[in-house]
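**Student:** Chains as they are written, first to last, in this note's numbering: chain A, 1393 to 1739; chain B, 979 to 1149. For every residue, glycine included, the Cβ atom is placed at its ideal position computed from N, Cα and C. Values in this document were obtained by computation on a predicted structure and should not be read as measured data. Would you mind keeping the following structure in view while I ask a few things?
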Amino acid sequence: MKRLEDKILQFFIRGDSAAGKKIGKEISNDPSFNQADFDTYEKIWQASTDIADWKVADEDDAWAKIAAQTGLQETSVKRIPFWRRRSVAAILLLLVGFALYYWLTWDPYTTFRAEEATTVILPDSSSAEMTAGSEIRYLRPRFFSEAQKREIFLEGKAVFDVVDDPKPFEVVTSLTSVEVLGTVFSYEAEGDNSEAENVEGLVSFGSNTGAFEAVQLNPGDKASFDGNELVVELYEPEPEPVIIPEPSNKMRIIDLIDILSDKYPSRFIPGPGSDRSASVVIEVNLDQDLVDIIDQLAADEAVDIQYRKSGNSLLLSTISAADRGLDIDYSYDMYVNGVDYNRAPQQ
Amino acid sequence: MATNALNQEAFRELFRQHYNLLCNFLNSRTQDWDLSQEIAQRTFVKLWEKRNEISFSTSPKSYLFQAARNTLIDHYRAHKVASDYADMYAEEKQWIESQDEETIEGLSVTSKIAWAVAQLKPKTKEIFLLSKQEGLTYDEIAQHLNISKRTVEYNMKNALLKLKELLKDKV
């Protein structure tokens, strides 16, 4: 059959040539010859010559003109071959499949787990200084910037340095959350236990389940929640150390003699040579007993003092000192006026 | 209103199937492609305007060609006052009235073959059209395309085989 069909084709191709005529005879003598089949070939062969006069009209242009005159829709309706429709349908199905898969599997969040202590810069330029083993989860940059608040989910511990932004910055753990605008704070979460400590700015520590009302944490304040109890440790600064002024113990020799004479009228008896270099300033602690005062002066290499003890009294014969350029803290007048020499203002 | 009146979708489909055929049908006599297209368009416009008055006793296609004949006659009648058209009108009127379904069917086969030829592979189509449309001999085609005569024959054979496959039960 195949061979006969090939001969029929050859018959038309070769036409009126001698070879064509010979093939024609062979075909008509072939027992499997089918006249209807041959006629179809002949019809196509003959009619195909007529396509020389066949013209192709611009159907879109014609339809537009007809539509304009009849008020019909101008939209061109073009037939799409079945195989093309099937291809398009297959591609669409594939795309829908991909889209569905992407939609079902795509996560708008990005998750970062710190294998070791790491600082992560968040999309808003805030930072999270994470301890090893901690994990944070937040929206991918595009969505993070579009969201109404900057939301971070935390497991583990991290210190957040939050940049100022009108949008709240919220760190969420399993049961609690911390909300701020711009500040520095640390936050630790392990299971249902969480603890937040504010370092700078103002932090709001709240419950995700309404277990307690949010508390404001000032710098240094700590709050923790174990699932049952909220504990807030308010920061109490160390009391400022009381500065005890150095005793004002620098005075002139003459003032010291007068003060001791008044203070110990029966025990301190200055002799006639006791005011040598009377205006020179020496240091002395008046809080001591008279004997200790004189011993202190005697121990001072710059001071030359001579005295004699008589019973409970002390007879001072001479006292002088090398001038060491010290300024006066305390004077006899101040003593008379009741000024505590230890609190005496600097002069 | 006729029960089988045309709706817009059916009218669009009628246009899609027969507009080009109608243009070629008209062109075979007028030898004026622009006029043929204009008459064909006017025929479709009239058909749409009278869609509610028409009851297709024959097929829409037969009605369409009959309407096209009438439109062409009307065209010549409108121009018969002009002496240039007078003789042409008489000649065309006689011809038009002699046309029958066979002529239209013949054009229909040509339109189907034109469609099938358009489906051939580019090189095969080019060789087939040079032979059947331009009337070149195989030697001239071979020389023109710088290929062997045997290649021309091979492509002609393939074209005929493919056309029969495409036009099976259609011609």
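Cβ atoms of residue 1571/A and residue 1541/A: under 9 Å apart, would you say?
**Tutor:** yes
**Student:** Tell me the rounded alpha-carbon separation between residue 1613/A and residue 1536/A.
**Tutor:** 29 Å
**Student:** Spatial neighbours of residue 1676/A within its chain, please: CB distance less than 8 Å, with the 5 preceding and 5 following residues excluded, ordered by chain position.
**Tutor:** 1641, 1643, 1648, 1685, 1688 and 1689
**Student:** Is there a Cβ of chain A sitting closer than 9 Å to that of residue 1135/B, yes or no?
**Tutor:** Answer yes: the Cβ-Cβ gap between residue 1135/B and chain A drops below 9 Å somewhere.
**Student:** Contact criterion: CB-CB distance below 9 Å. Does residue 1055/B meet it with respect to chain A?
**Tutor:** Chain A, which has no Cβ nearer than 9 Å to the Cβ of residue 1055/B, makes this no.
**Student:** Tell me the DSSP secondary structure of residue 1614/A in three-state form.
**Tutor:** strand
**Student:** Find the residues of chain A that neighbour residue 1142/B, judging by a C-beta separation of less than 8 Å, and give them in chain order.
**Tutor:** 1432, 1433 and 1436
**Student:** What did DSSP end up calling residue 1501/A once you bin it into helix, strand or coil?
**Tutor:** strand
**Student:** Short of 8 Å Cβ to Cβ, which residues in the segment 994 to 1025 of chain B face chain A?
**Tutor:** 994, 997, 998, 1001, 1002, 1005, 1006, 1011, 1015, 1018, 1019, 1022 and 1023
**Student:** What are the boundary residues of the alpha helix (DSSP H) that residue 1428/A is part of?
**Tutor:** 1427 to 1439
**Student:** Please state if the CB of residue 1577/A and the CB of residue 1598/A are separated by a distance shorter than 9 Å.
**Tutor:** no
**Student:** Run through DSSP, which three-state label would residue 1550/A get?
**Tutor:** Looking at residue 1550/A - three-state DSSP - the assignment turns out to be strand.
**Student:** Using 9 Å as the threshold, is the C-beta distance between residue 1524/A and residue 1508/A below it?
**Tutor:** yes
**Student:** Note the first and the last residue of the continuous beta strand (DSSP E) segment covering residue 1590/A.
**Tutor:** 1585 to 1592
**Student:** Please decide whether residue 1417/A counts as near chain B, where near means a Cβ-Cβ distance under 9 Å.
**Tutor:** no
**Student:** Alpha carbon to alpha carbon, how far is residue 1093/B from residue 1144/B? Give it in angstroms, no decimals.
**Tutor:** 9 Å
**Student:** Check residue 1609/A in the structure and name its three-state DSSP category.
**Tutor:** strand
**Student:** Measuring CA to CA, which of 1555/A, 1556/A and 1585/A is closest to residue 1564/A?
**Tutor:** Nearest option by C-alpha distance: 1585/A.
**Student:** Here's the rule: buried if 16 or more other CB atoms are within 10 angstroms of the residue's CB, otherwise exposed. What is residue 1721/A?
**Tutor:** buried
**Student:** Less than 8 Å between C-beta atoms, sequence neighbours within five positions excluded: which residues of the same chain meet that for residue 1430/A?
**Tutor:** 1400 and 1419
**Student:** Please compile the residues from chain B whose C-beta is within a distance smaller than 9 Å of the C-beta of residue 1399/A.
**Tutor:** Here the premise fails: no neighbours, minimum Cβ distance about 11 Å.
**Student:** May I have the straight-line CA-CA distance separating residue 1615/A from residue 1596/A, to the nearest angstrom?
**Tutor:** Rounded to the nearest angstrom, the two C-alpha atoms are 10 Å apart.
**Student:** Closer than 6 Å by C-beta to residue 1504/A: which residues in its own chain qualify, once you throw out the five before and the five after it? Chain order, please.
**Tutor:** 1512 and 1528
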